[in-house]
Amino acid sequence: MRVLLTTCSFQDTPGPHHALLESQGWEIVRERGPLPESRMLELAGEFDAFLCGDDDITRAVLDKSLPRLRVISKYGIGLDKIDIPSTKELKIPVLFTPGVNHDTVAEHTFALLLAITKNLIFSVDSTRAGRWDRKTGNELYAKRIGLIGLGRIGQEVAKRAAAFGMEVHGFGNYWPEEVAAQYGIRRHDTLESLFSSVDIISPHTKLGADTHHCVSAERIAFMPDGGWIINTGRGELVDAAAVIAALDSGKLAGYATDVLDQEPPPADHPLLHHPKVIVTPHIGSRTFESVPRQAMKSLVNLINALAGHGEIACANGVL
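Its first residue numbered 129, the sequence shown is counted upward by one per residue in the working numbering.
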C-alpha cells in the first residue's frame, strides 16, 4: 500500500494521527503541498491513495493515476482543486472532513476583522520599530456584517458577530431557520441587496463557477464607502484586482484575507504589499486543536474506505 501525503498541516502538527498513520504499515511518500498539476503529474501512477491538501488533482492527473489509484482522502472540506465530475466518472471515491474546523476558522475570521478595523498591524509595526505612531480605529459594535453562505463556518461567524453586538445579514441557498432566528440574521435574496446593506462582507461559501469572484467590482460598488472585506474561504471568491482598485479609491477601508488566488503566492503579488491589506498564509484552520481533528478524520476516512467498512465522509457519492 503506497500513499502520497501532501498536506503540510498534517505533517507538521503533533497529534495522535502520526501514530495511527505509522501503525498502518503503508509506504508513505511525503511532499510539501499544495502541489501544482505539473508536480502531481510527475508523481501520479505509483500510488494507491492520495492523502492530500489543496493540490491540483485534474483530469490529467486522475487519468495518469489509474489503474492503481483507489481513493482520494482530502484533509479539509474545500474540493475545488479536485476534478469531482471526473472522479465520479472514473469511480474514484473522494473523502473529506466536514464538521471539524468551523470553530477555528470562525475565530480566525474575527482575528482578521479585529486586526483590520483596529489597525493592529500598523500599531505593532510602529512599536516594534521603537515608535509610538497611533492611528484611530473602529469598533465592531453596531456594525453590519454580511455573510455569504450560512454553513457551519458562516453560522459560527454569525454567533460571534452577535456576541459583539453586530447586526448580522446573510445570503445563501442554505438557510438555517433556527440559527437565523437565534442570532437575528437578516436574509437577503440577492448579493446586491446584501452588499448595499452592510459595512463588512465575509464570504463562507464553496468555490464554484457560480461563486467565482462573487465579490466583484460591481458588487463592491453597492457597499457604503469605507467598508471592509474579510476572506477566510477561497482566494478566488474575491476579485483581487477589484479589491485593490476599491482600496486605492477609498471605497474600501481594508481587506484582510487568509487565502489567495495563488498559494504560495509570487513575491510580487499585489495584495502582499498593499498598506490597507492583511494577508495570513492560509492558517485559518491550522491550530493545535483543529489540525489533529482534521488529520484523524481524513486518516480514519482512508482506513475505513480501504477496509470497506466503518464511518466514511464521502464527498462525491462513489462509495
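We put the beta carbon where it would ideally sit given N, CA and C, even for glycine.
In terms of residues, what are the limits of the beta strand (DSSP E) holding residue i?
i      : result
Val407 : Val405 to Val407
Thr245 : Segment His230 to Thr245 is the alpha helix (DSSP H) holding Thr245; no beta strand (DSSP E) there.
Lys202 : Val199 to Lys202
Tyr311 : Counting along the chain, Tyr311 falls outside any beta strand (DSSP E), though it belongs to the alpha helix (DSSP H) covering Glu305 to Tyr311.
Ile273 : Arg272 to Ile276
Ser330 : Ile328 to Pro331
In the DSSP assignment, find the alpha helix (DSSP H) that holds residue i and state where it starts and stops.
i      : result
Thr215 : Ile212 to Glu217
Thr255 : Leu248 to Arg256
Phe299 : Phe299 -> not in any alpha helix (DSSP H); beta strand (DSSP E) instead, spanning Glu295 to Phe299.
Asp323 : A quick correction: the sequence has Phe, not Asp, at residue 323. Note, Phe323: alpha helix (DSSP H), Leu319 to Ser324.
Ile440 : Segment: none, Ile440 is in no alpha helix (DSSP H) and carries neither H nor E.
Leu190 : Arg187 to Ser193
Met168 : Glu165 to Leu171
Arg280 : Arg280 to Ala291
Arg347 : Ala345 to Ile348
Asp376 : Ala368 to Ser377
Buried or exposed: residue i, going by 16 or more other Cβ atoms within 10 Å of its Cβ?
i      : result
Phe238 : buried
Tyr269 : exposed
Tyr302 : exposed
Trp356 : buried
Ala381 : buried
Gly298 : buried
Lys425 : buried
Pro221 : buried
Pro142 : exposed
Lys263 : exposed
Glu284 : buried
Ser201 : buried
Gly282 : buried
Leu400 : exposed
Gly412 : buried
Val252 : exposed
Glu267 : exposed
His316 : buried
Val157 : exposed
Met129 : exposed
Lys219 : exposed
With which residues is residue i paired in a DSSP beta bridge?
i      : result
Asn359 : Thr385
Phe178 : Leu132 and Ile200
Glu155 : Arg130
Val419 : Its beta-bridge partners do not exist; DSSP assigns none.
Val222 : Ile200
Arg160 : DSSP output for Arg160 lists no bridge partner at all.
Leu380 : Gly355
Arg314 : His297
Quick check: is any heavy atom of the ligand MG less than 7 Å from the C-beta of residue i?
i      : result
Ile348 : As far as ligands go, the structure on display features none, and thus does not contain the ligand MG.
Checklist entry - So does the stretch 166-182 actually touch the stretch 134-146, counting three or more Cβ pairs closer than 8 Å? => result yes
Checklist entry - Within the chosen definition, does the stretch 223-232 reach the stretch 244-255 through at least 3 CB pairs nearer than 8 Å? => result no
Next on the checklist: Under 8 Å, with one C-beta from each stretch per pair, do the stretch 321-330 and the stretch 255-275 reach the 3-pair mark?
Outcome noted: yes
Item to check | Segment contact flag, the stretch 192-205 with the stretch 161-178, C-beta cutoff 8 Å, min 3 pairs | outcome: yes
Next on the checklist: Check whether the stretch 358-375 and the stretch 329-340 are in contact - that is, three or more C-beta pairs closer than 8 Å.
Outcome noted: yes
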